[in-house]
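So that you can map any letter, position 464 of the sequence shown is 464 in full-length UniProt numbering, and since no number is skipped, the others follow by simple counting.
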Amino acid sequence: MDTSVLSIIILLPLVLGTTLVSWLKKFSRGVTALGAIGVSLSSLILLLTQAKDVFNGATIIQSWSWLPQLGIDLSFRLDALGLLFSLLITGIGTLIFIYAYYYLSPKNSLSKLYLLLMLFMAAMLGISLSNNLIILLVFWELTSISSFLLVGYWSNYQAAQRGSRMALTITGMGGLAMLGGFVLLGQITGTYELDQILTMTDQIQSHALFVPSLLLILLGAFTKSAQFPFHFWLPNAMAAPTPVSAYLHSATMVKAGIFLLARLLPIFAGAALYHNLVTFVGLFTLCIAAFFAIFKEDLKGLLAYSTISHLGLIVCLLGIGSPLAVAAAIFHIINHATFKAALFMIAGIIDHESGTRDLRKLSGLWQLLPFTGTLTMITAASMAGVPLFNGFLSKEMFFTELLANLSGPVVVISAIVATLAGIFAVAYSVRLVHGVFFDGPIGKDVPNKDAHEPPMGMRAPALILAILCIAVGLFPALLVEHLVNSTTRASTQLMNFEGTHLAIWHGLNLPLLMSVIALVGGLVMYFALAKGGRIREIDLDPALGRLQGRVLFDLFLKGLLLNSRRFKRLTENGSLQSYLFWILVFTIALVSVPLLNQGIGTGTRELTQAPAIAIVLWLLLFSACWMMLWFHHERIKAVLISGAVGLVVTMIFVTLSAPDLAQTQITVDVVTTVLLLMSLSLLPQLTPYESSSTRRWRDAGIAILAGAGISWLAWLIMTRDHNSISWFFNQQSIPLGGGTNVVNVILVDFRGFDTFGEITVLGIAAIGALCLMDGMRAHGTTMTQGLTYRFNPSPLMLRMTASWILPVALVVSLYIFLRGHNLPGGGFIAGLVTSMALIIQYIAIGQDQTEQMLKAKSGRLYEIWIGSGLTIAGLTGIAAWFWGRPFLTSAHIYVNPPVIGELHLASAALFDVGVYVTVVGATMLLISVLGDSRHSSMSGPIPRG
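1) Of all the options Phe139, Leu647 and Ser578, which has the alpha carbon lying nearest to the alpha carbon of Ala256?
2) What's the C-alpha gap between Trp154 and Leu343?
3) With C-beta atoms as the reference, is Ser86 less than 8 Å away from Leu74?
4) How do the segment 375 to 384 and the segment 330 to 346 stand: do at least 3 beta-carbon pairs fall below 8 Å, yes or no?
5) Can you tell me which of Leu510, Asp450, Asp439 and Gly457 puts its alpha carbon nearest to the alpha carbon of Leu529?
6) Would you kindly report the start and end of the unbroken alpha helix (DSSP H) that includes Phe284?
7) Within the segment 228 to 275, note down every full beta strand (DSSP E) run reaching 3 residues or more, in order along the chain.
8) Between Met797 and Ile666, what straight-line distance do the alpha-carbon atoms span, to the nearest angstrom?
9) Grouping DSSP H, G and I as helix and E and B as strand, with all else coil, what is Ile600?
10) Going straight from the alpha carbon of Phe295 to that of Ile517, what length do you get?
11) Going by DSSP, what residue range makes up the alpha helix (DSSP H) through Arg695?
12) Going by C-alpha distance, which of Gly190, Arg534 and Ala251 is nearest Met124?
13) Between the segment 443 to 460 and the segment 360 to 376, do at least 3 Cβ pairs fall closer than 8 Å?
14) Check whether the Cβ atoms of Leu286 and Leu313 sit closer than 8 Å, and answer yes or no.
15) Give the single residue among Ile9, Ile927 and Leu214 whose Cα lies nearest to the Cα of Val183.
16) Is Arg357 helix, strand or coil by DSSP?
17) Out of Pro807, Leu234 and Arg819, state which residue places its alpha-carbon closest to the alpha-carbon of Met836.
18) Phe653: which of Trp618, Leu677, Gln731 and Met678 sits nearest, CA to CA?
19) One question on the structure: do Met90 and Leu44 come within less than 8 Å of each other, judged by their Cβ atoms?
20) Within 10 angstroms of its Cβ, does His722 collect 16 or more other Cβ (buried), or is it exposed?
21) Per DSSP, Ala347 is paired with what?
22) When you compare only the Cα positions, how much space is there between His332 and Thr487?
23) If you count every other CB in all the chains shown that lies within 10 Å of the CB of Gln187, and 16 or more means buried, which is it?
24) Report the start-end ranges of each alpha helix (DSSP H) in the segment 109 to 190 that is 4 residues or longer and not cut off at the edges.
25) Provide the residue(s) that pair with Trp64 in DSSP beta bridges, ordered along the chain.
26) Please report how far the alpha carbon of Leu12 lies from the alpha carbon of Gly709, in whole angstroms.
27) Skipping 5 residues on each side, what residues in its chain have a beta carbon closer than 6 Å to that of Ala126?
28) If I'm right that Gln205 touches Gly270 with Cβ under 8 Å, what's the distance once you round it to whole angstroms?
29) Taking Ile98 and Ile37 to be in contact with their CB atoms under 8 Å, please state how far apart those CB atoms are, rounded to whole angstroms.
30) Can you check DSSP and say which residues form a bridge with Asp298?
31) Grab me the residues of Ala347's own chain with a C-beta within less than 7 Å of its C-beta, minus the 5 sequence neighbours each way, in chain order.
32) Is the beta carbon of Leu832 sitting closer than 8 Å to the one on Val929?
33) Leaving out the 5 sequence neighbours to the left and right, which residues in its chain are closer than 7 Å to Pro235 when beta-carbon positions are compared?
34) Looking at Phe230 and the ligand NAP, is the gap between the Cβ and the nearest heavy atom below 7 Å?
35) With distances taken from CA atoms, which of Pro897, Gly877, Tyr916 and Pro795 is nearest Gly825?
36) What does the alpha-carbon distance come out to for the pair Pro886 and Phe76?
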């Protein structure tokens, strides 16, 4: 059994699908469609190759170690439950891709739709196949983002913008809550691996954190699957293209919450809170959404509310939680996917051909679309639960399990609510068929009275699903019984579950009576409401008023926006001093609160006399800081004095035998001083004086308090004994990192992931500066507002000196780089030395000539350097995976080439190359941006403070 198939199934749409669609769009729409269909079909075929073993009880697990200390591994699991959902995702996805080709107008981008659908398919497959809760959450959030883009596909329409924002906000908040639940679950079990968590039911349910974990996870599931009171986002997502709606409502987005409940059922089953909450939330959603569906004028709106209702039915069954109830839920998941995908495709056909999907305008379309009308009757009958269709069987099982697992007055109320929901379902299903295809002649308000059947390619996907509705309804035991029972065992983890027998006839019983009442009652209700066209005049929105979820959501956002603006006006006044004041106050408070009443005093460590050099350096540092305070209004002097402070710190590192830190400090100090001096060209040369003495005393008090607090914390740490971890790095630096320079080995090996993050942030900061400074570069302001900042010809001596400084500096950089793994140095310091040499070139011969020499037109070369450096560092880390090691694990070997002799080679050196290139690129891009004098000067008010 090949376990690598799991990652391939996800990567096919995620990588190959998105890349292929983007490339094929330059050919034709047909070629693009074939590529998308081929990728989706490939994932489906790979899943089918595993179906026999998996549905017979096998479980495939594939895992790569990623962040083992955090319990986060790239871990995937394929059992019957994951396989069922994956088959629905890829199978219906393939039909959606076929349908979308015919549905979407040539003026709309088919490749964009396919690309987003591929991303969405991969995210849903990731949810279905993840074995690690954190990885599952990553794919969960990817579904929210990709659905946001899909719903907002027609971004020019306000409804699409509003619907996509609403969907992202609600499901995103639910995902955040679910993250909290997963973290608590990890704290309870000590792992995020599902195959381990699902075996710890007693440990989980007996823990004090079980209830908050349960509630947070249910919040994520309810928001995703549109359960009351979070149901309102789903109808408002109907602005998406119909292929998107068909996919979201049948097999993907809204089924994610259902999947999560089914996946985690073993650890929740038996908890009274879970059963009560989930059962009755599902039951209420089932009934209330079915009632609203009857009165929706938009055809897709009706189907959206029916989706919410059927999701409520499935949630209710999972809330009941008995093996037979879970089997009924699994069966209805399959049935709902078939008839709902078909119905949305049919809605798209009706809209595509008639020019409207407004039920108040549609009638008599049977004369024009008899084939489509037949498909509608079949799938709507399945949705209504008419006998001999698949929806009838799972609805019967729902009624049976509801009566069998509840007792007392609760079962009576639940049976009444469920029967009412059945009546409503029949009513909206009949309205869908009768109101659109019959109910008189062709409506006078139908835009296109010459509508005709669409191409067979557009009808074929719905036809396939309609045939399945009939086939499963007639032969359930033959077609899906084994699948349902296998999936139920995987969901409940009850391998001894004997299974349920799916049959058309179960005798005369109470569930059958409930079905008959629902069918008759639904017909009576619809035709009573439709008499005289009254149903088209009923509008529930005015009656509900502010009780509508959409209205409450809009009010919430409006209030949030107004309060945010009010808070912004109070805090954002344009004064940097004010911002710094609040930052310091908040930091002091945040640090002080945990330390109050702790009895913190001087530790027991023996104190020693300060050496003379320490006193000298302290006096130099104190003098430099005092000068900074005295001259802080004169910005040029303040920057130069800050450079002097950096030099003193460098000397401190030297005296403490930290040469790596000293080298880093002095190079950073030089480069940042230059950058600050260049930045001052955009600002007035004098900082405004404080407006009042009160403010001066306030700032002085805050500064003294903050400084004294930091000094006291430093004193507390230095006077206490502690267990240093330096022994570990000293012992393991050579055997694990292959280097004697412990500091460099830590940076490129033990803490390589941190370093990778730091150079990524450095690159982002440089590119961010490029974007922010666009159109704001100084070109010759006056001395009263700023310095005249051009790289004019420098003295001859400087230009001559610079001509040989650059090659010498490059040699020194190479030397520092090569020695860095065993002696003080490394890629970061070497990059800064190279940057300083290039800065001297800028000063000596001017920016234009320097960039011509480097072929760095408008900083483009530096952007390439940043990207190249990050790519080199990232690929070095990824290479470790090919040897089964965690990301950024380094390797080192000794080789003996002829003549040269023994050489020590370490992969960390290649990572250090990435660091070097990124540092040079980011530093020079900042220099280039701030020194560019070819663009317009900064406009707008000068910032205060």
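Just so it is clear, CB atoms sit at the ideal spot from N, CA and C, and this is done for glycine as well.
Looking at the atomic coordinates:
1) Taking only the C-alpha atoms, the option nearest Ala256 is Phe139.
2) Between the C-alpha atoms of Trp154 and Leu343 there is a straight-line separation of about 22 Å.
3) Between Ser86 and Leu74, the CB-CB gap reaches or exceeds 8 Å.
4) Taking 8 Å as the limit for Cβ pairs, the verdict is that the segment 330 to 346 does touch the segment 375 to 384.
5) Closest option to Leu529, Cα to Cα, is Asp439.
6) Phe284 -> alpha helix (DSSP H) spans Ala272 to Ile294.
7) Those beta strand (DSSP E) runs which fall completely within the segment 228 to 275 and span 3+ residues do not exist here.
8) Straight-line spacing of the CA atoms in Met797 and Ile666 works out to 25 Å.
9) Coil.
10) Spanning the two alpha carbons is a distance of roughly 21 Å.
11) It spans Ser693 to Met718 - the alpha helix (DSSP H) in which Arg695 sits, taken as one unbroken run.
12) The residue from Gly190, Arg534 and Ala251 with its alpha-carbon nearest to that of Met124 is Ala251.
13) Yes, since at least three Cβ pairs between the segment 443 to 460 and the segment 360 to 376 fall closer than 8 Å, the two stretches touch.
14) Yes, Cβ-Cβ distance for Leu286 and Leu313 is below 8 Å.
15) When C-alpha distances from Val183 are compared across Ile9, Ile927 and Leu214, the shortest belongs to Leu214.
16) Reduced to three states, the DSSP call for Arg357 is coil.
17) For the set Pro807, Leu234 and Arg819, the Cα lying nearest the Cα of Met836 is the one of Pro807.
18) Its Cα nearest to that of Phe653, the residue Trp618 stands out among Trp618, Leu677, Gln731 and Met678.
19) Here residue 90 turns out to be Thr, not Met, going by the sequence shown. In this structure, Leu44 lies closer than 8 Å to Thr90 by Cβ.
20) Looking at its Cβ environment, which holds fewer than 16 other Cβ atoms inside 10 Å, His722 is exposed.
21) Partner(s): none; Ala347 has no beta bridge.
22) Our two residues, His332 and Thr487, have alpha carbons roughly 12 Å apart in a direct line.
23) By the 16-neighbour rule on beta-carbons within 10 angstroms, Gln187 is exposed.
24) Positions of the alpha helix (DSSP H) runs, each at least 4 residues long and wholly inside the segment 109 to 190, are given as 110 to 129, 133 to 151 and 158 to 189 in order along the chain.
25) According to DSSP, which records beta bridges pairwise, Trp64 is partnered with Leu74.
26) For Leu12 and Gly709, the distance between alpha carbons rounds to 56 Å.
27) According to the sequence provided, residue 126 is Gly. The question's Ala does not apply to it. Excluding positions up to five away in sequence, the list reads Ile10 and Phe139.
28) With 8 Å as the limit, Gln205 and Gly270 qualify as a contact, their Cβ atoms being about 7 Å apart.
29) Taking 8 Å as the upper bound for CB-CB distance, Ile98 and Ile37 are in contact here, some 6 Å apart.
30) Looking at the DSSP assignment, Asp298 forms a beta bridge with Asp358.
31) Taken in chain order, the residues that qualify are Thr242, Leu299, Lys300, Leu303 and Arg357.
32) For the pair Leu832 and Val929, the CB atoms are not nearer than the 8 Å cut-off.
33) The beta carbon of Pro235 sits closer than 7 Å to the beta carbons of Gly301, Ala304 and Tyr305 from its chain, once the five residues preceding and following it are set aside; these are given in chain order.
34) Among the components of this structure there are no ligands whatsoever, and the ligand NAP is therefore not found.
35) From the listed residues Pro897, Gly877, Tyr916 and Pro795, the smallest Cα separation to Gly825 is found for Tyr916.
36) Roughly 17 Å separates the two Cα atoms.
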